[in-house]
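Numbering (the working numbering), first residue to last: 1432 to 2099.
All residues carry an ideal CB built from backbone N, CA and C; glycine is no exception.
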Amino acid sequence: MFHLAHQHQHTSNLGQLSSLIRTLLLFLLFVLPVQSSALLSHSSNAIQQKIDAIETELQRLPEKILITTPATLGYRSTELNTSSEQVEIEVLFPETAAIDLVVLMPAVFSDGTHNFRIYGFPERFLIERIFPDGSSDILADFRNEDYHVLDLEPQLFPCPDTKPISGIRVTSTRSPANQPFNRIEYAVAFSELYAFAGNRNIALHAPIKASNAVRTLNVWSPQYLVDGFTISHPINPRIRKPQVDYLSMSHGVILNYDLEEIKTIDELRLWPAACARPYRPPFIVGADFPTQILFEKLDHPNDPTPDLLYQTPVPPPPHPGSHPFMLRLPSTKGRYFRLSLSKGFPDPRLGYSDSIALGEIELIGNGKILSGDTIPETERKQISGPIHRKLHYLKDKKTSEGNIVPLRQWLEQFSLQRNLIRRQKELQIQLELTRRQEKQRSAVLITVGYALIIILALMVLIARLLASRRWNKMREQIAADLHDEVGANLSGIAHSTEMAMELIPSPDPTVTELLNVSILAARQTAIETRNLTQLLENRKNGEGIDTMIRTTATRILGNMDFSCTFNETLLSNVLKPTQKWDLLFFVKEALNNIIKHAEANHVAIETRIKDSRLQLSISDNGKGIPNKRLPLRHLEDRAKRLKGKMQIESKEGEGTRILLTLSPRKIR
1432 MFHLAHQHQH
1442 TSNLGQLSSL
1452 IRTLLLFLLF
1462 VLPVQSSALL
1472 SHSSNAIQQK
1482 IDAIETELQR
1492 LPEKILITTP
1502 ATLGYRSTEL
1512 NTSSEQVEIE
1522 VLFPETAAID
1532 LVVLMPAVFS
1542 DGTHNFRIYG
1552 FPERFLIERI
1562 FPDGSSDILA
1572 DFRNEDYHVL
1582 DLEPQLFPCP
1592 DTKPISGIRV
1602 TSTRSPANQP
1612 FNRIEYAVAF
1622 SELYAFAGNR
1632 NIALHAPIKA
1642 SNAVRTLNVW
1652 SPQYLVDGFT
1662 ISHPINPRIR
1672 KPQVDYLSMS
1682 HGVILNYDLE
1692 EIKTIDELRL
1702 WPAACARPYR
1712 PPFIVGADFP
1722 TQILFEKLDH
1732 PNDPTPDLLY
1742 QTPVPPPPHP
1752 GSHPFMLRLP
1762 STKGRYFRLS
1772 LSKGFPDPRL
1782 GYSDSIALGE
1792 IELIGNGKIL
1802 SGDTIPETER
1812 KQISGPIHRK
1822 LHYLKDKKTS
1832 EGNIVPLRQW
1842 LEQFSLQRNL
1852 IRRQKELQIQ
1862 LELTRRQEKQ
1872 RSAVLITVGY
1882 ALIIILALMV
1892 LIARLLASRR
1902 WNKMREQIAA
1912 DLHDEVGANL
1922 SGIAHSTEMA
1932 MELIPSPDPT
1942 VTELLNVSIL
1952 AARQTAIETR
1962 NLTQLLENRK
1972 NGEGIDTMIR
1982 TTATRILGNM
1992 DFSCTFNETL
2002 LSNVLKPTQK
2012 WDLLFFVKEA
2022 LNNIIKHAEA
2032 NHVAIETRIK
2042 DSRLQLSISD
2052 NGKGIPNKRL
2062 PLRHLEDRAK
2072 RLKGKMQIES
2082 KEGEGTRILL
2092 TLSPRKIR
């Protein structure tokens, strides 16, 4: 018994293990693909968030548009004999200033395919700050390592400490080789140099000293390094309105400014207009820009002897194109100023100009716009028509190409934008690589997961097989115990009873009958036990279920006529041993009911398959069942144990038919 209990416990453990493995299978099958994808995509999601953050930042920065034909190209050295030949440039400020940022804008050339390339920016160089006493210190030193310009963008060199200085010196120690421009092998070139003290560009129009330089009018010159013209201009072109310029249909115009209080002016900026006349596109940038400019300070509005601050020199400066015309002025304090503009630049579609057009006028002091919301009073000379566009356009901080951005802010944002774009490209490459790796890892995980599913499925099958084998072994052990113990005991009881009868000299007839009944019951019980053990052991050489049903029918029905129609293979192969036993007891219960209640003289027992279901039919020709619930309660219990469906067809005087149907799922 202990051995059987141990086997039952082991079989129960196998069942629990099988249930656990099935749970793991469901988890791996449905959760693993989703969870593995979620876990592995964490890295790519983090990178994508960084890319999105950069894109958001880029949307807040001004766009940059390169000018294909700037007013001047900047500074360029003569052809150098070797790449190591030094080139020295000194920018000498008109006044000492605490410079906190130096900016070098690379020179560019077009390769003929509308692509711009960096030209002449030195690979190795030195930037020094020059102090008023003639001494200097190093701001940036790249003499021992290559400096790489990654894109057409300003190169920023912040000053670690702000000391008053009188100039900047740039010394090239190695120039780039194989310059395609003008077939020159070695040369040094810059588009513009800025030196900021706060928001003010101290280097604007400062004197230049260069060891060697090319001088070509309106193209290359040392002075063009600080004239304010470069490859782009401080505009945010996202906002475009072609009719936000001032236009005067006259040969000249005088603008009188009243700043309402005394202010210090040191710079004047004039922004060209894009398409001065209401013609259809393409717009002409810089048409009607004044070629003669006179700027004066007045002590009072009607001052007959104003102080001259600027007058267009001879020869005149280059036409600014779309770039702002920046004029450095002697630092002047005043409230009243007069700006005289005349001789507009001819519209190339007409060949002449009879008007003056500007996008914006800025009076600047120490890097700040002092004109603000001031609308100047105007006087016109040689009027040929009305003013088409109003004076307030000269102070709206807009041009026809977009919003005006402060110069230093624009340069810093220019550099930041390029750095962000490069970082974004790096992250996109990293994202693509990470997603590729995640896909590979996900594929590996899913493959491993499905391999585990297969292994676990095999483990389930093995566990069920082991459980089935152990259950069969336990069933066979029980059958053997029943056969050996109960069968032997019953046979011993019958034999002992027979011996007792022989020992009684003259037994009483009643005692003899009782002893015979006991012997018959013991022997019949032994036979039933043997049949049970054969079913439990599922012996192929023992009696089949069909034979047992026939034997049972013969014993119960006695001399009554009956017939049995069985499919032996069906009953043997379809039913489990326990089902066979329950089916045998179902038949016995039905036959006993017929003997007790039906008053029949014929019984038919039949098995068949209908709609993939096993059916057992027991019918008689008796008087029928007047009350079919109470006598059939035990049959209903047996049908439930077989997990089948029982139907009864009975008419009084016409017999009864009991039909038991087992579904395919319940007979395995």
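At the C-beta level, Leu2047 and Phe2016 stay beyond 9 Å of one another.
For Met1979, no beta strand (DSSP E) run applies; the uninterrupted alpha helix (DSSP H) run containing it begins and ends at 1976-1988, by DSSP. Between the segment 1509-1517 and the segment 1583-1601 there are fewer than three inter-stretch CB-CB distances shorter than 8 Å, so the stretches are not counted as touching.
Cα atoms of Lys1799 and Ile1685: separation of roughly 23 Å, rounded to the nearest angstrom. Within the same chain, and ignoring the five residues on either side of Gly1717 in sequence, the residues whose Cβ sits closer than 7 Å to its Cβ are Pro1703, His1750, Pro1751, Gly1752, Ser1753, Phe1776. Under the DSSP definition of a beta bridge, His2033 partners with Asp1992.
Counting along the chain, Glu1519 sits inside the beta strand (DSSP E) bounded by residues 1518-1529.
For Val1650, the secondary structure class from DSSP, reduced to helix, strand or coil, is coil.
Listed in chain order, the non-local C-beta contacts of Ala2021 below 7 Å within the same chain comprise Ile2049, Leu2066, Ile2089, local neighbours out to five positions each way being set aside. If one requires a minimum length of 3 residues, the beta strand (DSSP E) runs lying completely within the segment 1575-1645 are 1586-1589, 1595-1605, 1620-1628, 1639-1641, in chain order. When the five nearest sequence neighbours on each side are left out, the beta carbons in the same chain lying within less than 7 Å of the beta carbon of Val1601 are those of Ile1520, Phe1556, Ile1558, in order along the chain. For His2065, the enclosing alpha helix (DSSP H) covers residues 2064-2072. Under the 10 Å beta carbon count, Asn2024 is surrounded by 16 or more other beta carbons and is classified as buried. Assignment of Ala2021 by DSSP, reduced to helix, strand and coil, places it in the helix class. In the structure shown, Ala1718 adopts coil according to DSSP, grouped into three states. Contact annotation, Ala1528 with Ile1639: C-beta distance approximately 17 Å; criterion of less than 8 Å not satisfied. With a cutoff of 9 Å on beta-carbon distance, Thr2009 and Ala2035 are scored as not near each other. Boundaries of the beta strand (DSSP E) harbouring Gly1765: 1756-1775, taken from the DSSP string. Taking a 10 Å sphere around the C-beta of His1731, we find fewer than 16 other C-beta atoms and assign the residue as exposed.
Under the three-state reduction of DSSP output, Ala1538 falls in the strand class.
Residue state for Thr1503 is assigned as coil, using DSSP reduced to three classes. 9 Å or more divides the Cβ of Glu1698 from the Cβ of Leu1624.
Looking at the DSSP output, Trp1702 bridges to Glu1791.
DSSP places Tyr1741 in the uninterrupted beta strand (DSSP E) bounded by 1738-1742.
Residue environment for Thr1487: exposed (fewer than 16 other C-beta atoms within 10 angstroms of its C-beta).
The shortest CA-to-CA distance from Val1650 to any of Phe1621, Lys2019, Phe1547 is the one to Phe1621. With contacts defined as CB atoms closer than 9 Å, Ala1538 and Phe1660 fail to qualify as a contacting pair. Taking the Cα of His1636 as reference, the smallest distance to any Cα among Leu1489, Gly2086, Arg1769, Phe1756 is reached at Phe1756. Pairing Arg1769 with Tyr1688 gives a Cβ-Cβ distance under 9 Å. Following the DSSP letters along the chain, one finds Phe1547 inside the beta strand (DSSP E) bounded by residues 1547-1550.
For Thr2092, the enclosing beta strand (DSSP E) has its first and last residue at 2086-2093. Between Ser1773 and His1682 the beta-carbon gap is near 6 Å, inside 8 Å, which marks them as a contact. Listed in chain order, the non-local C-beta contacts of Glu2030 below 7 Å within the same chain comprise Gly2053, Lys2054, local neighbours out to five positions each way being set aside. Its Cα nearest to that of Asp1977, the residue Thr2038 stands out among Met1991, Thr1956, Glu1616, Thr2038. Segment contact: the segment 1625-1632 against the segment 1838-1845, three or more CB-CB distances shorter than 8 Å; contact assigned.
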